[in-house]
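Notes follow once the structure below has been shown.
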């Protein structure tokens with residue numbers, strides 16, 4: 013079973029892109045706090061790269077910005093990329109294979125801020141009008157609106 017859920021903050025400014033096929037997509041990272049403190053008593057952070065497609069990508073890019081909290085669920089995908097690196101001992105360029113993991117987003121929830129917003133999870137009709145993000149939830153093929 014490949015299912016992962018992360019809650020954190022958007023790490024970078026959002027830029028919705030359109031693939032050659034016409035599908036909208038969004039890549040970014042979610043900054044998540046580590047559960048344990050280090051030897052000095054500080055909590056560390058990790059950046060979890062993710063990709064979202066279609067309505068999920070469009071909704072996230074429409075309502076959120078860098079630093080906003082967000083809960084993402086989906087599956088982890090891995091890829092191996094070849095990168096050119098300079099070997100300092102021989103001054104030659106070599107290929108190095110690098111494995112990376114990325115969350116492929118299947119659903120998300122807006123997370124309330126400390127101002128007292130309430131998180132809502134509903135399913136229903138799609139609306140074109142701009143709504144408060146706390147009134148939206150997305151899972152599967154339907155954007156849910158209160």
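In my numbering, the protein residues as written are 13 to 158.
Where is the CB? At the ideal position from N, CA and C, for every residue including glycine.
Since residue i sits in a beta bridge, which residues does DSSP pair it with?
i	result
residue 122	82
residue 163	Residue numbering for the chain in the displayed model covers 13 to 158; residue 163 lies beyond these limits and cannot be assessed.
residue 109	94
residue 75	Answer is none; residue 75 lacks a bridge partner.
residue 58	44
residue 87	116
residue 69	Its beta-bridge partners do not exist; DSSP assigns none.
Excluding five sequence neighbours on each side, which residues of the same chain lie with their C-beta closer than 8 angstroms to the C-beta of residue i?
i	result
residue 15	85, 86 and 87
residue 131	Residue placement at residue 131 is flagged as unreliable, the pLDDT there being 44, under the threshold of 50; a coordinate-derived value is accordingly withheld.
residue 128	In this prediction, residue 128 has a pLDDT of 49, which is less than 50 and means its spatial position is unreliable; nothing more can be read from the coordinates.
Return yes when the Cβ of residue j is within less than 7 angstroms of the Cβ of residue i, no when it is not.
i	j	result
residue 83	residue 121	yes
residue 73	residue 42	no
residue 25	residue 44	no
residue 119	residue 69	no
residue 94	residue 109	yes
residue 176	residue 22	With the chain represented from 13 up to 158, any question about residue 176 goes unanswered, as that position is not in the structure.
Skipping 5 residues on each side, what residues in its chain have a beta carbon closer than 7 angstroms to that of residue i?
i	result
residue 50	56
residue 98	105
residue 100	none
residue 7	Given a span of 13 to 158 for the chain in the structure shown, any question on residue 7 remains unanswerable.
residue 47	none
Return the chain-ordered list of same chain residues with a C-beta closer than 6 angstroms to the C-beta of residue i, the five sequence neighbours on each side being excluded.
i	result
residue 91	112
residue 12	Only positions 13 to 158 of the chain appear in this structure, which leaves residue 12 out of reach.
residue 17	85
residue 89	114 and 116
Hey, could you find the ends of the beta strand (DSSP E) residue i is sitting in?
i	result
residue 49	36-49
residue 100	Unbroken run through residue 100: none, as it is neither H nor E.
Can we count residue i as close to the ligand ATP, meaning its CB is less than 6 angstroms from some heavy atom?
i	result
residue 49	This structure lacks the ligand ATP, and indeed carries no ligand of any kind.
Looking at C-beta atoms only, is the number of pairs between the stretch 26-45 and the stretch 60-69 that lie closer than 8 angstroms three or more? At 8 angstroms Cβ cutoff, the stretches touch.
Touching or not, the stretch 109-119 and the stretch 52-63, by the rule of three or more beta carbon pairs under 8 angstroms? Below 8 angstroms, enough C-beta pairs join the stretch 109-119 and the stretch 52-63 to call them touching: three or more.
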